[in-house]
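One structure is given below, encoded as structure tokens.
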Amino acid sequence: MEYKDYYKVLGVERDASQETIKKIYRKLAMKYHPDQNRGNKQAEEKFKDINEAYEVLSDPKKRERYDQLGTSYSQWQNQGGAQGGFNWDDWVTNQQRGRGASVDMNDFGGSFGGFSDFFSAIFGGMSGAGRTVTRQPAKPSAIEQKVQITVAESYKGTQRQFQIGDRKIEVKIPAGAVTGTKVRMAGAVPSTTSGHKADIILIIEVLPDARFVLQGVDLTTEVKVDLLTAVLGGSATVSTLSGDVSLTIPAGTQPGQKIRLTGRGLPKLKDNKEFGDLYAVIKVEIPRKLTEKQRNKYEELKSL
21 MEYKDYYKVL
31 GVERDASQET
41 IKKIYRKLAM
51 KYHPDQNRGN
61 KQAEEKFKDI
71 NEAYEVLSDP
81 KKRERYDQLG
91 TSYSQWQNQG
101 GAQGGFNWDD
111 WVTNQQRGRG
121 ASVDMNDFGG
131 SFGGFSDFFS
141 AIFGGMSGAG
151 RTVTRQPAKP
161 SAIEQKVQIT
171 VAESYKGTQR
181 QFQIGDRKIE
191 VKIPAGAVTG
201 TKVRMAGAVP
211 STTSGHKADI
221 ILIIEVLPDA
231 RFVLQGVDLT
241 TEVKVDLLTA
251 VLGGSATVST
261 LSGDVSLTIP
271 AGTQPGQKIR
281 LTGRGLPKLK
291 DNKEFGDLYA
301 VIKVEIPRKL
311 TEKQRNKYEE
321 LKSL
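In the numbering used here, the protein residues as written are 21 to 324.
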């Protein structure tokens with residue numbers, strides 16, 4: 021029986037972290053999923069191999085036993101490893117003798133149907149004669165997909181359409197969704213191999229905006245005022261996501277000063293009746309050129 025290199029199947033290093041393995045698996049599962057490759061037998065077999073590899077490498081106990089077998093696979097096979105009379109428990113215990121290690125195949129529990137003979141030989145019926153091992157198909161992991169939206173869409177909520185096989189799925193992205201928000205589409209991808217439906221998780225990314233900088237549900241925007249308004253006070257127009265509003269500029273406002281507009285930010289995801297704030301950062305515009313009359317006035321002020 022040929023040795024199966026699960027690390028090679030997923031295309032990861034042998035010391036890959038669980039996070040890396042999970043990330044790579046999800047990408048490959050989406051690429052080779054039968055619903056995305058109808059009638060493609062090679063893709064179907066690849067999908068099965070990917071799931072089998074992930075079944076082992078995502079489980080610390082299975083991964084440890086698989087790594088333990090690694091370099092000794094030929095020896096294990098030569099000693100009858102793939103045949104019914106060989107006792108896997110005894111073989112591994114003998115290999116580990118003197119290091120205080122032991123193996124209990126009951127740690128793996130459950131069944132191994134639907135996977136390769138290689139998988140079944142290692143994790144299935146090697147713990148004793150007469151043991152029947154049956155396995156329910158594992159529920160497929162959710163598939164993650166990044167979705168980009170604008171600040172305006174984050175404010176009002178939006179929707180996206182996805183083509184899953186021959187189906188079009190429309191999903192609503194709620195108002196208040198910010199970068200990192202996850203929207204789950206339960207059972208969006210039917211699995212033809214396990215009988216379970218996989219979820220799709222949309223990971224929201226809010227695109228940069230020319231007017232606003234986001235900080236959670238709060239927004240920051242720049243407001244230009246002339247020198248006299250900053251010194252004497254007055255008003256300025258501020259563009260918000262719900263329309264233009266008039267902002268009172270106190271006398272003596274400094275360049276870079278922030279003025280808060282309460283409730284003018286993004287809606288809060290859990291309660292769309294509550295909103296973040298908008299911060300207007302004042303930019304005082306200094307005139308580059310002065311008329312003679314203006315210059316005289318400034319000179320008068322200077323002499324006071």
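All C-beta atoms, glycine included, are put in the ideal place defined by N, C-alpha and C.
Around T199, the same chain offers I224, E225 and V226 as residues with beta carbons nearer than 7 Å, after the five sequence neighbours per side are excluded.
Looking at the DSSP output, Q183 shares a beta bridge with K188.
Remark: C-beta atoms of L298 and L234 do not approach each other more closely than 8 Å. If you draw a straight line from the Cα of T241 to the Cα of V301, it comes to about 6 Å. Counting C-beta pairs with one atom in each stretch, the segment 55–65 and the segment 21–36 have fewer than three that are closer than 8 Å, which means they do not touch. Take the alpha-carbon of S78 and the one of I41: they are about 7 Å apart. About 5 Å separates the beta carbon of T178 from that of I193, a gap short enough to meet the 8 Å contact definition.
Distance check between V304 and each of N57, V243, E319 and R315 places V243 closest, using alpha-carbon atoms only. In the DSSP assignment, E164 is bridged to I221.
If you ignore the 5 residues before and after S259, its C-beta comes within less than 8 Å of the C-beta of R231 and T241, all in its own chain and listed in chain order. According to the DSSP assignment, K43 belongs to the alpha helix (DSSP H) that extends over Q38 to Y52. Only exposed fits D291, as fewer than 16 other CB atoms lie within 10 angstroms of its CB.
Listed as beta-bridge partners of A256 by DSSP are L267. Looking only at T268, G254 and P287, the smallest Cα-Cα distance to R280 is reached by T268. Per DSSP, reduced to three states, the secondary structure at V32 is coil, with no helix or strand assignment.
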